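Asker: Position one of the sequence shown corresponds to residue 23 (our numbering), numbered consecutively onward. Ideal placement from N, C-alpha and C gives every residue a C-beta, glycine not left out. Computed from a predicted model, the values in this text were never measured in an experiment. Below is a structure I'd like to ask you about.
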Amino acid sequence: MKKLEYLVIHCTATPAGREVTSSDIRHWHCDPPPKGNGWNQVGYTDIYHVNGGVERMVANNEDENVDPWEITNGVGGKNSICRHIVYAGGMTADNLRPFDSRNYMQKAAMARDVLAFHKKSPAVKIVGHHYFDPLKACPSFDVALWLMQIGIKQTL
C-alpha cells in the first residue's frame, strides 16, 4: 500500500459523442494482444459516460492510500500512487484530432466528483495524463485551467 499522490484524468481517445462501455475498456486493456493490451487490470477507476453517468470500474475504499487491489493501469510506472478516471471521448467527431469533447453532463459530473475528491484529499495533485507523458494529448483539455474554472487552486 502506498500513499495516493495523483488523481489522473484521461480520455478514451474516441470520437466526440460516441459512447464507450466499461466492457469496451476491459477488452481494450485486458484482452491478450493483438486485440488488447494484455493487462491484468483496466486503466481507470471510474468512467464518465456521454449521458453524464459515472460508472465505477474498479472498487476502492476512497481513502488516501492505494491498496494493491485498487491499482489501475493508467500511467506506466506511477500506478501505485495514482487513481485514474476517464471520460468517453477526447477526439473530434471524425476521430482525426484531440478535442475536449466533454459535454455539459460529463463536465458537471466530473466537476462534482473532482471537487468532492479535492475537498476530501486536498494534498493529492489532480493532473491530466499528459502531465506524465507530454507527447500524449490525453485528456484533450487543459486540466490546470479547468481546475481553476471550477474553483480548485493547486500548485504542482
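Closer than 8 Å is the cut-off here; do at least three beta carbon pairs connect the stretch 110 to 117 with the stretch 35 to 44?
Answerer: yes
Asker: Is the stretch 52 to 63 touching the stretch 23 to 32, taking contact as three or more C-beta pairs under 8 Å?
Answerer: no
Asker: For D116, does the three-state DSSP call read helix, strand or coil?
Answerer: coil
Asker: Using the rule of at least 16 other Cβ atoms within 10 Å of the residue's Cβ for burial, across every protein chain shown, is A159 buried or exposed?
Answerer: Buried.
Asker: Below 8 Å on the Cβ atoms is my guess for E92 versus V108; work out the distance and round it to an integer in Å.
Answerer: Their Cβ separation, rounded to whole angstroms, is 16 Å, which puts E92 and V108 out of contact at 8 Å.
Asker: Any idea what DSSP makes of R134, helix, strand or coil?
Answerer: helix
Asker: Are the stretch 42 to 55 and the stretch 115 to 124 touching by the rule of at least three beta carbon pairs closer than 8 Å?
Answerer: no
Asker: Going by beta-carbon coordinates alone, are E27 and I103 separated by less than 8 Å?
Answerer: Taking 8 Å as the cut-off, the Cβ atoms of E27 and I103 count as close.
Asker: Under a three-way DSSP split, which group does D17 fall into?
Answerer: Nothing can be reported for residue 17, as the shown portion of the chain is limited to 23 through 178.
Asker: May I have the straight-line CA-CA distance separating N83 from D89, to the nearest angstrom?
Answerer: 9 Å
Asker: Whole angstroms is fine: what's the gap from T177's alpha carbon to D135's?
Answerer: 20 Å
Asker: Would you say T67 and R124 are within 8 Å of each other, going by their C-beta atoms?
Answerer: Against a cut-off of 8 Å, the Cβ pair of R124 and T67 comes out as no contact.
Asker: Can you give me the C-alpha to C-alpha distance between P56 and G173, rounded to a whole angstrom?
Answerer: 43 Å
Asker: Can you name, in chain order, every residue of its own chain whose Cβ lies under 8 Å from the Cβ of K175, other than the five neighbours on each side?
Answerer: Around K175: L169.
Asker: So the candidates are G74, D155 and S162; which of them puts its Cα closest to the Cα of V97?
Answerer: D155
Asker: When we look at the beta-carbon of Q128 and count the other beta-carbons within 10 Å, is it buried (16 or more) or exposed?
Answerer: buried
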